[in-house]
Amino acid sequence: MKKKIIIAITGASGSIYGTRLLEILQGIDEVESHLILSASGALTAQHELKLGKSAIHALADVVHHPKDIGATLSSGSFITHGMVIAPCSMKTLGCIANGIADNLVSRAADVVLKERRKLILMVRETPFNLIHLRNMLTLTEMGAIIAPPVPAFYTQPSSIDDIVNHTVGRILDSLDIPAADHVTRWPGLSH
C-alpha cells in the first residue's frame with residue numbers, strides 16, 4: 413500500500429518548496445501525493461515560479477480543491493502518512509493552532525493532528541512576532557514539526573536548487589521517505 417502524503421501550498425513566499433516536494437515524490441513509486449493548492453498559493457507560485465495552477469496540479473497524483481471540506485482528507489478514516497505545508501503562511505499557522513478548520517488545508521491539518529500523524533509546517537515569515545511564536549509553540553506541543561526553510565551552508569551550496577533540494581530532503585527524512593539524492597549528510601569535522 414502506498415504512503416499517502418498531503419502537500420499543501422499556501423500563499424507565503426517559498427512555493428518552490430511545495431513544488432519541489434511534489435517533483436521528488438513523483439519519482440517514488442511507494443508514495444501517492446495529495447495536493448491542496450490554496451488560491452493565494454497559486455498566485456504566489458505564478459509570481460515566483462511562473463507556474464500556473466494546471467502545471468502544479470500535474471505534479472500531484474491526486475488534487476483536492478481547497479474549499480472541498482467534504483474531501484477524503486477531511487476524515488481521519490482516510491489513512492495518510494503525513495502532511496507538509498510548504499510554504500505555510502502565518503494565517504494558515506494561526507488557523508491550525510486555533511482549531512479554525514474553515515478550508516481543506518486547515519481541516520486536513522486538524523485531522524492529521526487529531527490522528528497523531530506527522531504534520532510538518534515550513535513556516536515562512538521573518539522576523540517572527542509573538543503571535544507567530546506562540547502559534548508555533550502551540551502546534552509543537554500538539555506534535556507538529558515546525559521546519560522553517562532555513563538553509564544549511566555546511567553543504568557548500570552552489571545554487572538555489574542545492575539549497576532547496578537539501579531543505580526538501582530533510583523534510584522527506586522527517587517523513588521516513590528516502591531522500592539520499594537530495595541531502596548532503598554532515599560528515600563530521602576532520603581533525
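In this note's numbering, the protein residues as written are 413 to 603. Virtual Cβ for every residue (Gly too), placed ideally from N, Cα, C. Predicted model, so just to flag it, every value in this text is computed and none were measured.
Looking at residue j and residue i, is the spacing between their C-beta atoms short of 7 angstroms?
| i | j | result |
| --- | --- | --- |
| P561 | G453 | no |
| L433 | V580 | yes |
| M534 | P499 | yes |
| P563 | I575 | yes |
| N547 | G494 | no |
| I481 | R519 | yes |
| I558 | T550 | no |
| I448 | L516 | yes |
| V496 | I583 | yes |
| L471 | E435 | yes |
Do you know how far the Cα of residue j is from the Cα of residue i?
| i | j | result |
| --- | --- | --- |
| G605 | I508 | Residue 605 is absent from the model: the chain starts at 413 and stops at 603. |
| H544 | G430 | 21 angstroms |
| S501 | T484 | 23 angstroms |
| E460 | G488 | 34 angstroms |
| I491 | T422 | 23 angstroms |
| K462 | Q438 | 20 angstroms |
| Q568 | L531 | 29 angstroms |
| I428 | I419 | 12 angstroms |
| H578 | G464 | 25 angstroms |
| D593 | Q458 | 27 angstroms |
| A513 | S602 | 50 angstroms |
| S571 | T596 | 14 angstroms |
| D585 | T504 | 23 angstroms |
| W598 | Y566 | 8 angstroms |
| S450 | S466 | 13 angstroms |
| L587 | T456 | 26 angstroms |
| A521 | K414 | 20 angstroms |
| K416 | N510 | 25 angstroms |
| S424 | H476 | A small fix is needed here, since residue 424 is Ala in this sequence, not Ser. Near 19 angstroms, if we compare the C-alpha coordinates of H476 and A424. |
| R529 | I440 | 20 angstroms |
From the DSSP secondary-structure annotation, give me the bridge partner or partners of residue i.
| i | result |
| --- | --- |
| H493 | For H493, which the question treats as bridged, DSSP gives no partner whatsoever. |
| S445 | I417 |
| C500 | V535 |
> Where are the beta strand (DSSP E) runs, 3 residues long or more, that stay fully inside the segment 530-601, in chain order?
Replying inline: 530-535
> So, do the segment 534-541 and the segment 434-453 have three or more beta carbon pairs nearer to each other than 8 angstroms?
Replying inline: no
>> Please give me, in chain order, every unbroken run of the alpha helix (DSSP H) with length at least 4 that falls completely inside the segment 451-489.
In response: 451-461 and 465-469
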